[in-house]
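In the numbering used here, the protein residues as written are 2 to 221.
See the structure below:
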């Protein structure tokens, strides 16, 4: 994460994934923001594939509680939990050529049938809280936003504004948005990353196996 100070404004570049194995953790993010003095505005600029759901929710909640005005700019991509972080903005802008993606949380898990039923119930609860977060701004109906999440929906700036998820559209950005190969079900062709990487569930499972751990890792 890169931060530049301009008077009382902190410009924060969140150009990475979210969470311990994926990118910046909530603890790291919050520590860096807390270290800033005399800020009246946080301009959070996002280009992220998303990551760990609880790290993202913690970042969202911290930004919502911060006394500074929060302005969000989606410069390239706000996918998954990065789209939830974007909802922390008092003003939420997207570049005309940027994308936002919303979907249901998912998990890689192992355990007994009872364990898996419990995990499924927890996922349902997490989904409901994420939907509540979108609905703090959405002008689309709750049923429509819920259906978008279930379908893994990729929104252009115009579509995100129509749904009420952003408040304004800005000019094109030179930054390129791309997604990691295998991370999502149906990304637009123009966003597929050139570099081929193992699918996220395979990559995370391999890490878990090497560590000898049962994996219960929520992602969004």
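Virtual Cβ for every residue (Gly too), placed ideally from N, Cα, C.
Within the same chain, and ignoring the five residues on either side of residue 61 in sequence, the residues whose Cβ sits closer than 8 Å to its Cβ are 85, 86, 88, 89, 134. Taken in chain order, the complete beta strand (DSSP E) segments of 3 residues or longer contained in the region 13–57 are 42–49. According to the DSSP assignment, residue 115 belongs to the alpha helix (DSSP H) that extends over 114–136. Here residue 32 is exposed, its C-beta having fewer than 16 other C-beta atoms within 10 Å. For residue 82, the enclosing alpha helix (DSSP H) stretches over residues 82–87. Under the DSSP assignment, residue 146 falls in the alpha helix (DSSP H) whose first and last residues are 143–152.
Excluding residues up to 5 positions away in sequence, 94, 95, 96, 97, 158, 159, 162 lie with their Cβ nearer than 8 Å to the Cβ of residue 170 in the same chain.
Inclusion of residue 44 and residue 72 in the CB contact set at 9 Å is warranted, their separation being smaller than that value. With fewer than 16 neighbouring CB atoms inside 10 Å of its own CB, residue 112 falls in the exposed class. For the pair residue 6 and residue 165, the Cα-to-Cα distance works out to about 30 Å.
Within a 10 Å sphere around the beta-carbon of residue 3 sit fewer than 16 other beta-carbons, which makes this residue exposed. Cα atoms of residue 79 and residue 28: separation of roughly 20 Å, rounded to the nearest angstrom.
In this structure, the CA atom of residue 68 is about 11 Å from the CA atom of residue 91. Per DSSP, residue 169 is one residue of the beta strand (DSSP E) stretching across 169–171. A distance below 6 Å between beta-carbons, with the five flanking residues on each side excluded, links residue 168 to the following residues of its chain, in chain order: 92, 93. Rounded to whole angstroms, the separation of the alpha carbons of residue 119 and residue 173 is 45 Å.
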